[in-house]
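Residue numbers (my numbering): 1 to 202.
We put the beta carbon where it would ideally sit given N, CA and C, even for glycine.
Spelled out as structure tokens, the structure:
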């Protein structure tokens, strides 16, 4: 005999949290990012790499321009430390050195040359594009009022051009100084060519 307290109704079981009917939330992935989708193509990966390389190149260019700006400011400060008379005497002294080179003197050394910078350099690395530009384009240079910037740069390139310098002048340099002078002249020509390119770009 059934107990009077027994009931024929039953409570349906609660759905298990692990039930197969539970919905999974969709995940999103950045389109084109390599490794985030099984459908990523080689084109997506190549494009991503190209953009990363371009960003790196832009950052390097920005850093280079900032370094040039700081160096230009430093060169300008160095020039201001010299008076107008000092600068004029410096240019006159340099022109005198160039005239002496034409006389055919031998046993020339590093200090025999009128390096185109305001502060006498001791090594080729000290003659940067900014330092050369401050000198060549100075308003106190002998040709400042008669020639434009491009022509002034070209005149200096003619003086230091390897075809002329290394055949007519370099052989007259003392052997122990020859390599350093050659490296110095090379640094000057590279700086002048870079300066000329910038002036054409402007």
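By how many angstroms is the C-alpha of residue j removed from the C-alpha of residue i?
{"i": "residue 142", "j": "residue 166", "result": "26 Å"}
{"i": "residue 139", "j": "residue 44", "result": "54 Å"}
{"i": "residue 33", "j": "residue 56", "result": "Because residue 33 sits at a pLDDT of 49, beneath the cut-off of 50, its placement in the model cannot be relied upon, and the following sentence gives the value as read from the coordinates. Approximately 18 Å, taken between the alpha carbons."}
{"i": "residue 51", "j": "residue 58", "result": "11 Å"}
{"i": "residue 159", "j": "residue 101", "result": "11 Å"}
{"i": "residue 129", "j": "residue 154", "result": "14 Å"}
{"i": "residue 17", "j": "residue 48", "result": "With a pLDDT of 48 at residue 17, under the threshold of 50, the modelled position of this residue cannot be trusted; read the value that follows with caution. Approximately 41 Å between the Cα atoms of the pair."}
{"i": "residue 108", "j": "residue 200", "result": "35 Å"}
{"i": "residue 95", "j": "residue 127", "result": "19 Å"}
{"i": "residue 146", "j": "residue 88", "result": "16 Å"}
{"i": "residue 183", "j": "residue 133", "result": "19 Å"}
{"i": "residue 175", "j": "residue 162", "result": "18 Å"}
{"i": "residue 196", "j": "residue 150", "result": "6 Å"}
{"i": "residue 106", "j": "residue 164", "result": "16 Å"}
{"i": "residue 190", "j": "residue 81", "result": "27 Å"}
{"i": "residue 194", "j": "residue 104", "result": "30 Å"}
{"i": "residue 60", "j": "residue 93", "result": "39 Å"}
{"i": "residue 179", "j": "residue 46", "result": "46 Å"}
{"i": "residue 86", "j": "residue 99", "result": "20 Å"}
{"i": "residue 26", "j": "residue 198", "result": "Interpretation of residue 26 is limited by its pLDDT of 49, a score under 50 that renders its predicted location unreliable; the figure taken from the coordinates is listed afterwards. Approximately 54 Å, taken between the alpha carbons."}
{"i": "residue 84", "j": "residue 171", "result": "36 Å"}
{"i": "residue 148", "j": "residue 90", "result": "21 Å"}
Which residues mark the beginning and the end of the alpha helix (DSSP H) in which residue i is found?
{"i": "residue 115", "result": "No alpha helix (DSSP H) holds residue 115; DSSP gives it neither H nor E."}
{"i": "residue 130", "result": "129-136"}
{"i": "residue 97", "result": "84-102"}
{"i": "residue 151", "result": "149-160"}
Does the beta carbon of residue i sit closer than 9 Å to a beta carbon anywhere in chain B?
{"i": "residue 187", "result": "Here chain B cannot be found, since the structure has a single protein chain."}
Looking at residue i: is its Cβ nearer than 9 Å to the Cβ of residue j?
{"i": "residue 157", "j": "residue 192", "result": "yes"}
{"i": "residue 110", "j": "residue 53", "result": "no"}
{"i": "residue 124", "j": "residue 186", "result": "yes"}
{"i": "residue 97", "j": "residue 118", "result": "no"}
To the nearest whole angstrom, what separates the beta carbons of residue i and residue j, a pair I think is in contact under 8 Å?
{"i": "residue 152", "j": "residue 173", "result": "No, residue 152 and residue 173 are not in contact; Cβ-Cβ is about 26 Å, not under 8 Å."}
{"i": "residue 116", "j": "residue 188", "result": "6 Å"}
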